Amino acid sequence: MSAHGPTIPMTSHPCGALTGEAEVPGDKSISHRALILGALSVGETRITGLLEGQDVLDTAKAMRAFGATVINDGPGAWTVQGVGVGGFAEPDQVIDCGNSGTGVRLIMGAMATSPIAATFTGDASLNKRPMARITDPLALFGAASHGRSGGRLPLTLVGAADPVPVRYTTPVPSAQVKSAVLLAGLNAPGQTVVIEKEATRDHTERMLEGFGAEITTDETDEGRVITLTGQPELKPQDITVPRDPSSAAFPVCAALIVPGSDVLVPGIGLNPTRAGLFYTLQEMGADLTFENMREEGGEPVADLRARYSPEMKGIAVPPERAASMIDEYPILSVVAAFAEGQTVMKGVKELRVKESDRIEAMATGLRAAGVTVEDGPDWWTVTGSPKRGNEGGVTGGVTCASHLDHRIAMSFLILGMAADQPVSVDDGGPIATSFPIFEPLMSGLGADLRRTEEVAA
Ligand code: S3P
């Protein structure tokens, strides 16, 4: 079962050239934050381009449960009447965050310094994921949590009645941990400081500044030191959500591996804390260009043009780049299967605690499809070949488990577009969490995606 819907077995058949324009939906990370910060400000925040994927819809529902008024005014257009920092009401229902680690972790942070209790749950994937990385720093503010073993969901969080500010060094490179601490720091008096050794996505910092909080970031020998002054009055904003680079990755990578393809993906956010995949692909020799570079809402934005690239070579991806492309390793491994030689991905143990163990999930499916993959606790390698048909390469002809993980499902469906034989996934339902228009968008470019029931009929 998917988070909120039926199981949807899907098959991707080898297809002809992918061509045309791919308008991918709004950024998931920014969409969650727009709703949460809107709920914590005083007055009406207006959002356009919100991702209407299930993860974000679950966050919208949660914000209503905490007392904000959240209204959908049309496609991608939403308004949030906030309750102000410290104004959250105690929900009278369990908060179900579905599949979303970002949703539950940021919301826990946002409520942790208010004198209310809330119980959080999610789907089978989310309820397996580690939450101590959030509840440990929230305890320093004075919040108490009661969860299952290992701090897992379902979990009840009791917010601090008299929160104290915190100085916290994140033990793992995680924007979710950083953001949870900063959101908790909003309702603590004085200055909350988060130190991260490696830069992770900085949307929370940028947006907090936009909402009027006093927040600074200093690059020091310790790492990035982010200082937030607590108890601001956040001012409502008009937010235009840029298109999601993590969703753009799928049509871009598909175009690189399907012969004859030429695809334009317009208006993609190229925030340096998110754009690592695109630089990696260029280093592999991909015909990927950034056109019409511009700035929108304080973020670098470009139109991405990707053309079939039969000359790509495997590379060693710099480990220090991992945080800026952490969600893109599954689809990179698919591209690596069609690049000559070995692609080495190190320093990626966080991949093992995403919506699924993404190294294990991809390695199993890729091996079954004829690709050589090796892996260890925090690394993996993919040995690829651009050869087609009888010459070897990616045979396909397999059904892969998506493990309730949208990015695993989409990655294997892209694999099927360029493999010798079709590739199926047991459940494409989770794709709706982040990229609800994936099927029509990819089909519009020329992909041959079928829901398996339709094939059988
Ligand atoms: C996200 C941060 C990343 C990423 C996730 C979205 C965010 O997780 O994998 O999809 O919006 O902050 P971690 O912060 O746990 O690495």
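Sequential numbering from -16 applies to the sequence shown in my numbering.
Note that CB positions come from ideal geometry on N, CA and C, so glycine has one too.
Please read these numbers as outputs of a predicted model, since none were measured by experiment.
Which residue marks the beginning of the beta strand (DSSP E) containing residue i, and which one marks its end?
i, result
"lysine 329", "324 to 329"
"arginine 304", "Careful: arginine 304 lies outside any beta strand (DSSP E) and carries neither H nor E."
"serine 407", "406 to 408"
"isoleucine 198", "198 to 203"
"glutamine 174", "174 to 179"
"methionine 445", "Residue coverage of the chain in this structure runs from -16 to 440, which leaves residue 445 outside it and unanswerable."
"valine 235", "Per DSSP, valine 235 belongs to no beta strand (DSSP E); it is in the alpha helix (DSSP H), 228 to 240."
"glutamate 4", "2 to 4"
"alanine 101", "100 to 104"
"threonine 223", "221 to 223"
Should residue i go down as buried or exposed, given a rule of 16 or more other Cβ atoms within 10 Å for buried?
i, result
"isoleucine 309", "buried"
"alanine 439", "Legend: pLDDT at alanine 439 = 39, less than 50; position of this residue unreliable, no value from coordinates given."
"serine 426", "exposed"
"leucine 424", "buried"
"serine 132", "exposed"
"alanine 60", "exposed"
"methionine 295", "buried"
"glutamate 216", "exposed"
"proline 456", "The displayed coordinates of the chain run from -16 to 440. Any statement about residue 456 would go beyond what the structure contains."
"glutamine 277", "Note on residue identity: the sequence assigns arginine, not glutamine, to residue 277. Exposed: under 16 other Cβ atoms inside 10 Å."
"proline 360", "exposed"
"serine -15", "Interpretation of serine -15 is limited by its pLDDT of 43, a score under 50 that renders its predicted location unreliable; no figure is taken from the coordinates."
"asparagine 82", "buried"
Kindly indicate the opening and closing residues of the alpha helix (DSSP H) around residue i.
i, result
"aspartate 119", "115 to 124"
"arginine 390", "389 to 401"
"threonine 42", "37 to 48"
"glutamate 357", "No alpha helix (DSSP H) holds glutamate 357; the beta strand (DSSP E) holding it covers 355 to 359."
"leucine 428", "421 to 428"
"leucine 264", "259 to 266"
"isoleucine 414", "Isoleucine 414 -> no alpha helix (DSSP H), and no H or E assigned at all."
"threonine 187", "186 to 193"
Under the DSSP definition of a beta bridge, which residues are partnered with residue i?
i, result
"arginine 434", "Met(-7)"
"valine 155", "Beta-bridge pairing links valine 155 to no other residue."
"glycine 26", "Gly65"
"asparagine 55", "Trp61"
"lysine 296", "Glu323"
"proline 283", "Glu278"
"serine 128", "Leu140"
"phenylalanine 211", "The amino acid occupying residue 211 in the given sequence is leucine; phenylalanine does not appear at that position. Leucine 211 is bridged to Thr175, Ile198."
"alanine 289", "Val246, Leu271"
Are the beta-carbon atoms of residue i and residue j separated by less than 7 Å?
i, j, result
"serine 157", "leucine 239", "no"
"alanine 163", "isoleucine 99", "no"
"glutamate 442", "glycine 142", "Here the chain comprises residues numbered -16 to 440, so residue 442 is not present and cannot be evaluated."
"alanine 402", "proline 234", "no"
"leucine 165", "alanine 101", "no"
"leucine 452", "threonine 175", "As displayed, the chain neither begins before -16 nor continues past 440, which places residue 452 out of reach and without an answer."
"glycine 65", "leucine 18", "no"
"glutamine 214", "threonine 28", "no"
"alanine 384", "glycine 411", "no"
"isoleucine 78", "alanine 43", "no"
"glycine 379", "alanine 352", "yes"
Taking residue i as the reference, give the member of the options with the closest Cα.
i, options, result
"valine 63", "Gly86, Leu34, Ala95, Leu20", "Leu20"
"proline 137", "Leu166, Arg88, Pro(-11)", "Arg88"
"arginine 390", "Ser230, Leu169, Asn55", "Ser230"
"methionine 94", "Phe71, Thr102, Ala258, Met114", "Phe71"
"serine 108", "Pro419, Glu279, Pro413, Ala305", "Pro413"
"arginine 290", "Gly250, Ala237, Arg341", "Ala237"
"glycine 243", "Thr(-10), Ile(-9), Gly(-1)", "Gly(-1)"
"glycine 348", "Leu396, Gly372, Arg335", "Leu396"
"valine 241", "Arg371, Thr435, Gly380, Thr187", "Arg371"
Is there a Cβ of chain C sitting closer than 7 Å to that of residue i, yes or no?
i, result
"glycine 50", "Among the protein chains of the structure shown there is no chain C, as only one such chain exists."
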